[in-house]
Amino acid sequence: MTGKHRSGEPDVLQVRDLACRRGPALLFSKLDFEVAGGELLCVRGPNGCGKTTLLRCVTGLTRPDEGIVSWHGESSRVDPERMRAAMAYAGHLPGLKDDLSAEENLEFSLRLRGAPTTAEQRRDALAAVGLDKRRRLPARRLSAGQRRRIGLARLALDPADLWVLDEPLTALDDAGQALFVELLDRHLARAGLALVATHHRLAPTSGVVRELRLA
Amino acid sequence: MNWFYFSSPSTFYTLAGRLAPWFFILAAALAAWGLYLGLLVAPTDAQQGAVYRVIFIHVPTAWMSMFLYFVMACYCGLTLVFNTRLSAMMARAIAPTGAMFTFIALWTGAFWGRPTWGTYWVWDARLTSELVLLFLYSGYIALSNAFEDPRRGDRAAALLALIGVVNLPIIYFSVQWWNTLHQGSSVSFKGTSMHVTMLTGMLVMSAAAWMYAIGATLVRVRSVILERERRAQWVRDAGAA
Amino acid sequence: MTIWWSSWADFWAMGGHAFFVWMSYGALLVAVVVEVVLLQARRKRALAAIEEERELEAEN
Amino acid sequence: MIANAQAGTPVAGSFAGGFSWAMARDLRLAWRHPDEAVLTVAFFALVASLFPLGIGAEPQLLTRIGPGVIWVGALLAAFLALPGLFAADYADGSLEQMTLSPHPALGWAAGKIAAHWIVSGLPLTLLSPLIGLQYGLAPDTLAVQALSLAIGTPVLSLLGGACAALALGARGGGMLLALLALPLFVPVLIFGAGASEAQATGLSATPHLSLLGAALIAALVGLPAAIGMAVRIAVD
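Residue numbers (the working numbering), protein chains in the order written: chain A, 15 to 229; chain B, 386 to 626; chain C, 683 to 742; chain D, 6 to 241.
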């Protein structure tokens, strides 16, 4: 079961001695950091410095050359299911099917996360992100920003404790970005964790913001 | 002996460099002895005539083609389980030699078949399975080189080789089954009575082929290591050697 | 270990099957030679690439 | 503001969860875009009708080659449907989300293959008697042929699915996939075509069908796990 903060055991993501190569070149090495409940860790650095690769190593999508990623003190290699149950990942690729409507995409995304939702919850979430009128449109017909907002609705409905987000603000207009920061506030307020790679300045009101610079 | 000492590419690079020549020398010696037995000493077979002497390279290459695929699959298993880089490079280094032996087994099978059964290609169970094995080798080599990131190619081709090695006996059985149904009595290559020099000749040639395969693999793996580790400092120094 | 053939000419003739026997053994010989040559060529290419890399490194 | 009633609910990953997710989603997508299934079936009918044009149409000849030709045609059609299995998910990021889902890979891999079979193998199986009539096959042969296809095409989907996952993002595309999958299809073709041919020539088809059944069981046991691993390698 997910290590809910209410169950006494603190949620914590620990990364020890992480190293990863891209072809012969070494992207980063000897990387150590921790994210605890209610903390946002912003990963910053120039393009091509390995931000995406770092996030993918943390999620387990990419196998690092060295290093251990542990969730709740247990290596994610030993019990990957436990970490996957508690984590929501949003990478560069939206993970949307063009032939499904915004609402259907939301339904299947959360079912895949093992957290089915009711039609009403989905409708409310899409309304909150301003897609109420377009929720039956196939995703193909939505703009990049609107498709990103489906991602926001997904985050809103996802019970994950740990958010791993890669450039979540791209293609979002000011209103969209404000909406994201609001969601982030609520997530951090209930002792959620967030590991975000971004170029933007994120200043959520609640929770602790720390930074990790990749050379 | 620290078992993992030689599993790092740099140390294995020098070890392979020292061992490879000896395997080639051993292979040449065994081949010379084998050919002496097979071509000069062994009696000509009464029914088939002198063409049966092709058995001294057809059977060893056929055995080796299957044996090398199995060895390659073992290295692939290591690659997937322990994610070691050297085992993936060894698997890549074996594949071309395995494919070459498979091709030679097919080629010699055809040239043996022509005078014996009147056609170059006879749908004999073993020859047909050998043909499928050649496709499996080609699939492995093609998949391992089909990706930008060589590590991705290693792991994808490794899983393919494991699926292949599990299917290999099934393919051989199904082709054997299919052959007995369509061909009636199987046109087998074992028609000849096994004169003692024939058997020894074949075994010696098999040993020669094995030594050669190890030698070729060791030389090829050194190139693979150089290609993959070209940024590493030890490669710069070794590069001069 | 007596030699089966009475003369070298008989040996090359292979009892009439010379074409098939020597096409088989020849193919193996060619395959081995080609493979060894390819191996050497690949090694040279790898070493050249390293050399190139080193010069590139030396420049900047 | 969004009321997130979800915050406290525990997340549950299960084989059934993954399986039903993949089936529901893929079948809905296939329903929205039936062109994939239609193309597969059209290709099968097309290939089967090319042979008489090439070989001539004497009834005895067609009846003799019918079972083999139909099985090869169905096999190639099933093969052509393979890219549709993972390619879209790989491109739009769904495959990453699947890999990171709490549901075990075994679940959604099996679900995707099942949905893919319903869209490709099943229509081919249902169409095969019709095609068989073109070759003048007797009704009992048509029945055994459909049965052999019903057992064989899932094995093709499973074997082909693993190869399709391995070839994701590879240069060479369809040709590479052919080189990976078709050699593995050999036993299925031999047992499958052998079954309908045995029936056509008056022999008993049971040994072939039982071997095909054994292949299906082995494939069902081993391949979903291999597909899950292949996908994990693909998204690496």
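Even for Gly, the Cβ is constructed at its ideal location relative to N, Cα and C.
1) Could you tell me which chain A residues have their CB closer than 9 Å to the CB of D:Asp241, listed as they occur along the chain?
2) Quick check on the burial criterion: 16 or more other C-beta atoms within 10 angstroms. Buried or exposed for B:Trp407?
3) Determine the direct distance from the alpha carbon of B:Phe467 to that of B:Leu584, and round the result to whole angstroms.
4) Are the CB atoms of A:Leu179 and A:Thr131 nearer to each other than 7 Å?
5) Going along the chain, which residues of the stretch 37-66 of chain A sit with their C-beta nearer than 9 Å to a C-beta in chain B?
6) Pick from D:Ala96, D:Gln139, D:Ala155: whose alpha carbon is nearest that of D:Val236?
7) Is A:Asp46 helix, strand or coil when you go by DSSP?
8) Whose Cβ in chain B lies nearer than 8 Å to the Cβ of D:Val191?
9) Name the residues in the stretch 80-112 of chain A whose C-beta lies less than 8 Å from a C-beta of chain D; which are they?
10) Cβ of C:Ala728 less than 7 Å from any chain F Cβ?
11) What's the C-alpha gap between A:Val223 and A:Glu80?
12) Please give the ranges of any beta strand (DSSP E) in the stretch 24-105 of chain A, keeping only runs that are unbroken, at least 3 residues long and fully inside the region.
13) 7 Å is my cut-off, CB to CB: does B:Ala532 come that close to chain C?
14) Using a C-beta to C-beta distance shorter than 8 Å, which residues of chain D count as neighbours of B:Phe520?
15) Please report how far the alpha carbon of B:Ser393 lies from the alpha carbon of B:Leu400, in whole angstroms.
16) Provide the residue span of the beta strand (DSSP E) that contains A:Glu225, from first to last.
17) What's the call for D:Met180, buried or exposed, on a 16-neighbour Cβ count within 10 Å?
18) Under 7 Å between C-beta atoms, does A:Ala129 make it to chain D?
19) On the DSSP letters alone, give me the boundaries of the alpha helix (DSSP H) that D:Leu173 sits inside.
20) For B:Ser523, would you say it is in contact with chain D, using Cβ-to-Cβ distances shorter than 7 Å as the test?
21) Tell me the DSSP secondary structure of A:Ser115 in three-state form.
22) Could you have a look at A:Val178 and say whether DSSP puts it in helix, strand or coil?
23) Can you tell me which of the three DSSP states A:Leu207 falls into?
24) Please confirm whether B:Trp508 has its beta-carbon closer than 7 Å to some beta-carbon of chain D.
25) Taking only beta-carbon atoms, is B:Leu588 less than 7 Å away from chain C?
26) Strictly below 8 Å CB to CB, what residues from chain A border D:Met103?
27) Exposed or buried, what is B:Ser570 when buried is set at 16 or more other beta-carbons lying within 10 Å of its beta-carbon?
28) Looking only at its chain, what residues have a beta carbon closer than 7 Å to the beta carbon of C:Ala740, apart from the 5 residues adjacent to it on each side?
29) Check B:Asp509 in the structure and name its three-state DSSP category.
30) Across which residues does DSSP place A:Pro152 in a beta bridge pair?
31) Under 7 Å Cβ to Cβ from D:Gly28, same chain only, skipping five residues before and after it: list those, please.
32) Could you tell me which whole alpha helix (DSSP H) segments of length 4 or greater appear in the stretch 14-64 of chain D?
33) Rounded to a whole number of angstroms, what is the C-alpha to C-alpha distance between D:Arg33 and B:Tyr522?
34) Could you list the residues in the stretch 694-717 of chain C with a C-beta less than 9 Å from some C-beta on chain B, going in chain order?
35) Taking DSSP as the reference, what is the three-state secondary structure of D:Asp241?
36) For B:Asp430, which three-state DSSP category applies?
The answer reads as follows:
1) Within 9 Å of the CB of D:Asp241, the CB atoms of chain A belong to Arg70, Leu75, Thr76, Arg77, in sequence order along the chain.
2) It counts as exposed.
3) Taking the straight line from one Cα to the other gives about 40 Å.
4) In this structure, A:Thr131 does not lie closer than 7 Å to A:Leu179 by Cβ.
5) For the stretch 37-66 of chain A, the set of residues with a beta-carbon nearer than 9 Å to any beta-carbon of chain B comprises Gly37, Pro38, Ala39, Leu40, in chain order.
6) Across the set D:Ala96, D:Gln139, D:Ala155, the C-alpha of D:Ala96 shows the shortest separation from the C-alpha of D:Val236.
7) In the three-state DSSP reduction, A:Asp46 falls in the strand class (E or B).
8) Simply Val517, Ile556, Ser559, Val560.
9) Residues of the stretch 80-112 of chain A that bring their beta carbon within less than 8 Å of a beta carbon in chain D comprise Glu95, Arg98, Ala99, Ala100, Met101, Tyr103, Gly105, His106, Leu107, Pro108, Gly109, Leu110, Lys111, Asp112, in sequence order.
10) Any reference to chain F falls outside this structure, whose protein chains are A, B, C and D.
11) Inter-residue distance for A:Val223 and A:Glu80 is about 27 Å (C-alpha atoms, whole angstroms).
12) The stretch 24-105 of chain A contains, as complete beta strand (DSSP E) runs of 3+ residues, the segments 26-36, 39-50, 53-58, 80-85, 101-104 (chain order).
13) Looking at the sequence provided, one finds Phe at residue 532 of chain B rather than Ala. Closer than 7 Å to the CB of B:Phe532 there is not a single CB belonging to chain C.
14) Those within 8 Å of B:Phe520 in chain D are Leu184, Leu187, Pro188.
15) Near 11 Å, if we compare the C-alpha coordinates of B:Leu400 and B:Ser393.
16) According to the DSSP assignment, A:Glu225 belongs to the beta strand (DSSP E) that extends over 222-227.
17) Burial call: exposed.
18) Proximity of A:Ala129 to chain D, defined by a Cβ-Cβ separation below 7 Å, is satisfied.
19) D:Leu173: not part of any alpha helix (DSSP H); DSSP gives it neither H nor E.
20) Cβ-Cβ to chain D under 7 Å: yes for B:Ser523.
21) A:Ser115: strand per DSSP, three-state reduction.
22) Reduced to three states, the DSSP call for A:Val178 is strand.
23) DSSP places A:Leu207 in strand when its eight states are reduced to three.
24) Chain D, which has no Cβ nearer than 7 Å to the Cβ of B:Trp508, makes this no.
25) By this cut-off, B:Leu588 is not an interface position.
26) Going along chain A in sequence order, the residues near D:Met103 (Cβ under 8 Å) are Leu126.
27) Caution applies to B:Ser570, whose pLDDT of 45 falls short of 50 and renders its modelled position unreliable; the value that the coordinates give is listed next. When all chains shown are included, B:Ser570 counts as exposed.
28) The answer is none, since no qualifying residue turns up.
29) B:Asp509 falls in the coil class under three-state DSSP.
30) Beta-bridge pairing links A:Pro152 to A:Ser115.
31) The residue you asked about is not Gly; residue 28 of chain D is Met in the sequence shown. Answer for D:Met28: Gly116, Ala119, Ala120, listed in chain order.
32) Taking 4 residues as the shortest admissible run, the stretch 14-64 of chain D contains the following complete alpha helix (DSSP H) segments, listed from N- to C-terminal end: 20-37, 40-60.
33) Spanning the two alpha carbons is a distance of roughly 39 Å.
34) Against chain B - using a Cβ distance shorter than 9 Å - the residues of the stretch 694-717 of chain C are Ala695, Met696, Gly697, Gly698, His699, Ala700, Phe701, Phe702, Val703, Met705, Ser706, Tyr707, Ala709, Leu710, Ala713, Val714, Val716, Glu717.
35) The answer is coil: DSSP assigns D:Asp241 none of H, G, I, E or B.
36) DSSP places B:Asp430 in strand when its eight states are reduced to three.
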